[in-house]
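Below: one structure, written as structure tokens.
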DNA sequence: CTGAAAGCGCTAACAC
DNA sequence: GTGTTAGCGCTTTCAG
């Protein structure tokens, strides 16, 4: 079979100039007559304008990039579905990359996107502001989702970052409080964690632990705030992202602190790890230990007991992020913080 | 900030012609001297060749498209991770689309890919051969993953398709036995299902049901073959793809045939539905009903009892598919069938 | 070994 | 309203 019809073919077949075809197809002015003829010919030739030509001419690629840490994590699957849904309804392509939570891979993928002239990006960032600042500066329109890049090490990371992030979760956080001037779509981690901690407190729990992974610093911070000073830092532990490491962290936590009676995890992979580790150590949920997991995923209900979770609207977050990055013409869009919901199922009980 | 450096900028700055720059960067011949200078300048200018220009010139986009039904289904998440891993190591972009299992959306997405001049595609097909034949004919290199398009209705769908598919699962299935001459990466459904059915038989089960979804026809066929004639068609039921429909199908099955003692599901979403439906109807697993689920997903182990599964290597499948579609230069690659494994956990017991 | 030049398919000035 | 033309950034003959 021969190559696809080009605009030139259509022009010739319709007896008009290429510009006219271009105009007709992009809704420009043309006499009804001409328009009809061009449209007919185009349809007849099964003509599809080449994005390549258009993009080169306009020096930009339509569509958007999407960078997530791991598609095997159901939450990012939900997020991606949201992005794709929005992109589809806009007829825009999305170029996907999975970073594995590794800043280096993330950088490489960003480079690839640059090479493709993809100038809009939705990212669940793994690298810190050092990797992202140049990207923004280079003119890419980026929207962060689910989390923000951590501050680079040289900056007064600790308290400053904390303050910014706390502020962002508040009602009308000022844009300049954010690290990097980039819009983001986030869940209201602070409220979510606070609600969970209060709930556990209400059940009588005193020693509550937080089990997090990379990118869960905001949640950890919210946790520290919710439990209030003095926080027992031994009860705030982190895995490095892999399921194995999550399991190790969970197991280590349970073993080193048998006095804890409840744990809230920063994500579903950690929740999974906590369930597994608890089972392995013969800790009954919720009799011996209560569990609240961040992320509502379909399988949370399948566990026994079904897991009490802090639900965040993954799909909506993706959809909103895609909207933001698409509408980013001119005005820099404001960030959005979506509500979380504590869904009480069966994994929490009164302190023994 | 100004626009990115072009090949012309590099040429000027290095005092050579653009052709030379192009050659150097794509490993063509050049004097060591020139080469070095060009490379230095390019690095200094942070030059990145524009994929747009190159692609237009070469009338094709690098990279590949990836079409899956639903990223929220962990199995497709695994598959996607595999594809992405391979693409990343090849430095190629992947354009992702989620079809929702809907042939129409699939068609639209294919159209979008065509428009982008993406000429390589990995697909978990939802449409039948009527939608795929034209795509192949149009010159797209496609590799199917996880399943094959069903035959179009007008063809003698039933037995013919069945025969083909059975043949494919055999050792050295002839290529021409396949519908459409397209390579595919599949799991050995036939062996997987057979093993599961035998296992259940060994436990004493007589009335075994199959609970499938869209695209699980091969598995259903394998099931029918494994249980042997006469097959009780009431015990072979299908949902339409959504979680709700899967639940409805599972629930309906359990209620209409309380005599069944075991069910094998064609995918993890259906497994999830079966667990939920069983619980709702107060059926104990495995006391009242034994369960084998297709797909090993991390949460299978979290269920209680942990689910016995037919594991298929989702990630590998994706990786292999990407390799095939990338290597498709010239010789049409052969399909690959990957082994499945029955992982026995706790969801099966002797027939009561 | 290297440079000049011709487009790839398209849009946006600019003329008519 | 419509046609002509000049590129977008790149690779690739084709000369030198």
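Residue numbers (this note's numbering), protein chains in the order written: chain A, 1 to 352; chain B, 1001 to 1352.
From the three backbone atoms N, C-alpha and C, an ideal C-beta is built for every residue, glycine too.
Considering only residues of the same chain and omitting the five flanking positions on each side of residue i, which have a CB-CB separation below 7 Å?
i, result
"residue 128/A", "149, 150, 151, 152"
"residue 1217/B", "1150"
"residue 156/A", "A caution first: residue 156/A carries a pLDDT of 36, below 50, which makes its placement in the model unreliable, though a value can still be read off. Hits under 7 Å: none found."
"residue 299/A", "none"
"residue 1205/B", "1261, 1262, 1290, 1351"
"residue 1008/B", "1018"
"residue 1219/B", "1189, 1193, 1212, 1266, 1294"
"residue 35/A", "24"
"residue 16/A", "34, 38"
"residue 259/A", "207"
Taking the alpha-carbon of residue i as reference, which of the options has the nearest alpha-carbon?
i, options, result
"residue 341/A", "187/A, 286/A, 50/A, 221/A", "187/A"
"residue 208/A", "238/A, 256/A, 261/A", "261/A"
"residue 1097/B", "1303/B, 1086/B, 1113/B, 1210/B", "1113/B"
"residue 1137/B", "3/A, 305/A, 110/A, 146/A", "3/A"
"residue 45/A", "13/A, 78/A, 252/A, 146/A", "13/A"
"residue 1133/B", "1343/B, 1181/B, 1201/B, 1326/B", "1181/B"
"residue 1121/B", "1110/B, 1195/B, 1130/B", "1110/B"
"residue 145/A", "32/A, 90/A, 79/A", "79/A"
"residue 195/A", "292/A, 52/A, 103/A", "292/A"
Would you check if the distance between the CB atom of residue i and the CB atom of residue j is smaller than 7 Å?
i, j, result
"residue 1030/B", "residue 1021/B", "no"
"residue 1264/B", "residue 1073/B", "no"
"residue 183/A", "residue 347/A", "no"
"residue 62/A", "residue 92/A", "yes"
"residue 1005/B", "residue 1141/B", "no"
"residue 1135/B", "residue 1068/B", "no"
"residue 257/A", "residue 307/A", "no"
"residue 24/A", "residue 38/A", "yes"
"residue 1210/B", "residue 1236/B", "yes"
"residue 1117/B", "residue 1048/B", "no"
"residue 1081/B", "residue 71/A", "yes"
"residue 324/A", "residue 94/A", "no"
"residue 247/A", "residue 277/A", "yes"
"residue 87/A", "residue 250/A", "no"
"residue 1051/B", "residue 108/A", "no"
"residue 304/A", "residue 1304/B", "yes"
"residue 1077/B", "residue 28/A", "no"
"residue 1326/B", "residue 275/A", "no"
What residue range does the beta strand (DSSP E) around residue i cover?
i, result
"residue 1067/B", "1064 to 1068"
"residue 308/A", "308 to 311"
"residue 47/A", "Here residue 47/A belongs to no beta strand (DSSP E), and DSSP marks it neither H nor E."
"residue 1187/B", "1184 to 1187"
"residue 1120/B", "1120 to 1123"
"residue 1141/B", "1141 to 1145"
"residue 290/A", "290 to 294"
"residue 337/A", "336 to 338"
"residue 262/A", "262 to 265"
"residue 341/A", "341 to 343"
Which residue comes first and which comes last in the alpha helix (DSSP H) that contains residue i?
i, result
"residue 1012/B", "1007 to 1014"
"residue 1131/B", "1129 to 1137"
"residue 111/A", "103 to 115"
"residue 1317/B", "1314 to 1327"
"residue 23/A", "18 to 25"
"residue 1097/B", "It is not in any alpha helix (DSSP H) - residue 1097/B instead sits in the beta strand (DSSP E) that spans 1094 to 1098."
"residue 88/A", "74 to 90"
"residue 1275/B", "1268 to 1280"
Residues in its own chain within less than 8 Å of residue i by CB, not counting five upstream and five downstream?
i, result
"residue 1338/B", "1185, 1186, 1187, 1188, 1312, 1313, 1316, 1317, 1320"
"residue 1197/B", "1208, 1223, 1226, 1227, 1264"
"residue 243/A", "269, 272, 273"
"residue 1255/B", "1281"
"residue 295/A", "74, 75, 267, 268, 271, 309, 310, 311, 312, 314"
"residue 349/A", "203, 286, 287, 290"
"residue 200/A", "208, 262, 264, 290, 292, 348"
Grab me the residues of residue i's own chain with a C-beta within less than 6 Å of its C-beta, minus the 5 sequence neighbours each way, in chain order.
i, result
"residue 106/A", "99, 126, 127"
"residue 352/A", "none"
"residue 238/A", "212"
"residue 101/A", "69, 126, 214, 241"
"residue 297/A", "74, 268"
>> As an exercise, report each continuous alpha helix (DSSP H) stretch of at least 4 residues that is fully enclosed by the segment 190 to 260 of chain A, in chain order.
In response: Correct list: 217 to 227, 243 to 256.
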